[in-house]
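See structure below.
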Amino acid sequence: MASFEEKDLLATADTTPSAIETAADEPNQDRFAALGLAPELLAAVCDLGFTEPTAVQQRAIPLALEPHAEGFNDLMVSSQTGSGKTAAFLLPVLHTLIGMQAEEAAREKAAWDAKVAAALAAGEPAPKKPRRRSPLDARKFKPAVPGALVLCPTRELAQQVAADAIDLVKHCRGVRIATIVGGMPYQLQIAKLQNANLVVATPGRLLDLAGSGQIKLDQVRFLVMDEADRMLDLGFADALAEVHQLTSQRQQTMMFSATFAPRIQQLALRVMHDGGSKVQKVQVDTPQQSHANIRQELYWADSPEHKRRLLDYWLRDPGIDQAIVFACTQIECEQLAEELQQTGFAAVSLHGALSQAVRNRRLGALRDGRVQILVATDVAARGIDVPTITHVINFGLPMKAEDYTHRIGRTGRAGRDGLAITLAEFRDRRRLADIEAYTQQHFRPLTIGGLEPTKVFPPIQEQRPPARKGGGGRPGARSGAPRRGFGESRGPKQIGGGFKEKSPFDARPSGAGSYKKESSFKPAGRPAARAGAPRAKPYAPGKAGR
Ligand code: AMP
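Residues in the sequence shown are numbered from 379 upward in steps of one, following our numbering.
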């Protein structure tokens with residue numbers, strides 16, 4: 379799918395009947411066509427090269443489209459990142475919006491035709507159609523009244539989802555997509571919001587604009603929460619409660635997430651119709667079943683310097699196209715990116731302290747190949763969809779075990795193979811154990827000739843320190859118990875005193891803080907093996923994205 383950098387955040391599209399007919403007629407589109415989607419959407423899906431629905435699309439779309447007396451089914455869909463879940467919620471929402479749009483257009487046309495006929499019958503000249511308002515004209519301002527709202531936890535994810543939606547409405551006349559994310563200039567965002575049918579937003583800026591009357595949410599019929607686990611788990615409780623109130627007339631609520639822990643399910647059910655009694659649950663795959671196309675490898679390092687040399691080795695892997703290197707902290711991220719630039723790699727950093735404009739430019743540069751290596755914090759763990767990312771390298775381990783799954787999902791996109799390398803020191807053993815418990819997979823540590831650790835590391839589960847007692851534990855899986863069905867993952871995470879009933883979305887205080895910077899890294903020497911010149915020229919961050 380195209381980047382949000384390459385397109386406007388708001389899209390209207392021309393209908394090209396020939397393209398639509400082609401898509402509908404394509405034999406390999408039969409399984410998409412069987413879902414009953416509008417021909418405009420089938421054409422877009424065909425353009426994107428989707429030959430058949432993915433498992434989550436196959437299961438979720440029919441359920442989402444199924445009407446009943448009070449609207450549509452509420453859905454709780456558990457599906458991994460990279461499984462095609464964005465289209466699984468966008469396609470049914472857009473399908474219904476297109477239908478509503480067509481009905482509205484027919485009503486308007488009938489009213490206009492009647493007005494013209496009345497004028498002519500009275501012997502008056504036919505009325506002239508009013509001139510179209512420019513959405514950029516502040517004097518003619520009208521608040522946006524979208525019919526669908528998609529909420530995302532991060533700006534990057536919101537922009538990716540909006541870009542996907544724009545791709546899907548390419549053949550739909552007058553269906554407008556707008557994005558509301560923090561860190562972007564207000565005026566342009568507000569101007570582009572006008573007449574939007576589907577809004578993709580992060581909660582903070584959305585409520586900001588709703589509070590100042592720029593957007594009205596009382597016509598929202600479809601509310602989707604992407605990465606719902608994160609939205610319900612982290613510090614969005616109050617914002618979500620407010621959105622829940624503002625969209626109380628909605629007909630459908632859909633939640634998509636990699637997993638639904640029991641406590642997250644409870645929170646989710648509270649905002650579904652009838653307390654979730656009729657919610658349809660779909661579980662496509664678990665963190666254990668997924669990522670079969672991603673090779674996951676662990677390398678032990680004796681020290682930060684050793685880890686840095688291992689990183690250098692992997693960044694010179696002949697099989698590399700593009701890579702994301704995850705660091706723990708913003709400081710580590712900046713330092714590492716700088717070091718890599720100095721070593722000659724086309725590398726840039728991406729983290730939450732950068733302005734949104736810089737983040738966008740850098741992602742755009744990654745997407746169009748001007749950057750080879752993105753050094754990022756977990757801000758990039760979700761939502762980045764760049765098929766040419768061949769390597770994900772965990773230079774610093776994630777705070778939460780589920781973020782490991784999201785991180786490695788940045789490679790192996792769209793049916794390709796990927797490689798996920800984790801570089802760990804002894805002090806990382808608890809986090810590794812959490813990841814093993816969460817993914818139900820065991821790392822088998824590997825070594826590289828000339829870069830072997832000198833220390834001997836016992837198996838990870840044996841190294842696992844006893845869980846801390848009391849309320850101050852870290853988030854992440856602790857139990858090695860096998861997962862069973864939908865949402866039956868780890869037990870409830872009791873952090874900082876647990877869950878209080880304040881609002882439908884109320885959750886415990888976020889367990890996410892930031893790591894203290896644990897070490898600094900010296901520029902690495904040449905790797906012992908597979909040495910080769912960096913593939914791309916040094917990248918000048920300030921010039922990216924132009
Ligand atoms: P997502 O899980 O929504 O992030 O999607 C992961 C990737 O799969 C994206 O690059 C999508 O463009 C791609 N994708 C989504 N649906 C399909 C499909 N039916 N066939 C092939 N690729 C798809």
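Just so it is clear, CB atoms sit at the ideal spot from N, CA and C, and this is done for glycine as well.
The structure presented is a predicted model; accordingly, all values stated were derived computationally and were not measured.
The criterion of a C-beta distance shorter than 8 Å is not satisfied by Ala802 and Val660. Non-local beta-carbon contacts of Val749 in its own chain, meaning distances under 6 Å to residues more than five positions away in sequence, involve Ala724, Val726, Ala743, Tyr917 in chain order.
The C-beta distance from Val528 to Val578 rounds to 4 Å, short enough to meet the 8 Å contact threshold. Around the beta-carbon of Gly796, 16 or more other beta-carbon atoms lie within 10 Å, marking it buried. Proximity of the beta carbon of Gln435 to ligand 1 is indicated: a heavy atom of the ligand is located closer than 7 Å. Listed in chain order, the alpha helix (DSSP H) runs fully inside the stretch 678-763 are 682-693, 708-721, 734-745, counting runs of at least 4 residues. By the Cβ test, the stretch 468-484 is in contact with the stretch 414-434, since at least three Cβ pairs between them sit closer than 8 Å. Annotation for Lys520 indicates a beta carbon at 7 Å or more from all heavy atoms of ligand 1. Taking a contact as a CB-CB distance under 8 Å, the pair Ile555 and Ala540 counts as one, their CB atoms being some 6 Å apart.
The three-state reading of DSSP puts Ile826 in coil, since its state is none of H, G, I, E or B. Remark: C-beta atoms of Val757 and Glu605 do not approach each other more closely than 8 Å.
Within a 10 Å sphere around the beta-carbon of Phe519 sit fewer than 16 other beta-carbons, which makes this residue exposed. Rounded to the nearest whole angstrom, the CA to CA distance from Phe428 to Cys711 is 35 Å. The three-state reading of DSSP puts Met650 in coil, since its state is none of H, G, I, E or B.
Here Ser681 has Glu803 as same chain residues with Cβ atoms under 8 Å from its own Cβ, once five neighbours each way along the sequence are excluded. Secondary structure note for Thr464: its alpha helix (DSSP H) is the uninterrupted segment 463-499.
When Cβ pairs closer than 8 Å are counted between the two stretches, the stretch 672-687 is seen not to touch the stretch 493-501, the count staying below three. A straight line joining the alpha-carbon of His669 with that of His769 spans about 13 Å.
Excluding residues up to 5 positions away in sequence, Met454, Met603, Ala606, Ala646 lie with their Cβ nearer than 6 Å to the Cβ of Met633 in the same chain. Residue nearest to Pro524 within the set Leu601, Ala484, Gly560, Asp763 is Leu601 (criterion: CA-CA distance).
Counting only residues of its own chain and dropping the five nearest sequence neighbours on each side, Gln538 has a CB closer than 6 Å to the CB of Gly761, Asp763. In the DSSP assignment, the residues bridged to Val602 are Val528, Met632. In the structure shown, the three-state DSSP call for Leu546 is helix.
Going by DSSP, Gln658 is part of the beta strand (DSSP E) stretching over 658-661. For Gly722, the closest alpha carbon among the candidates Arg739, Arg745, Gly730, Ile751 is that of Ile751.
If you look at Thr783, you'll find it in the alpha helix (DSSP H) that goes 779-786. Taking each of Ile702, Asp452, Gly460, Ala465 in turn and checking the Cα distance to Ala422, the smallest one comes out for Ala465.
Here the C-alpha atom of Ala489 lies approximately 26 Å from the C-alpha atom of Leu571.
By the Cβ rule, the stretch 548-567 does not count as touching the stretch 431-445, because fewer than three pairs are nearer than 8 Å. At least one heavy atom of ligand 1 lies less than 7 Å from the C-beta of Ala465. The C-beta of Leu824 has fewer than 16 other C-beta atoms within 10 Å across all chains shown, which makes the residue exposed. About 13 Å separates the CB atoms of Ile813 and Ala759; that is not less than 8 Å, and the two are not in contact. With a cut-off of 7 Å, the C-beta of Gly613 is classified as distant from ligand 1, since no heavy atom of the ligand falls inside that distance.
In terms of Cβ geometry, Thr783 and Ala636 form a close pair [threshold 8 Å].
Listed as beta-bridge partners of Ile672 by DSSP are Gly796. Glu448 places its beta carbon 8 Å or farther from that of Gln627.
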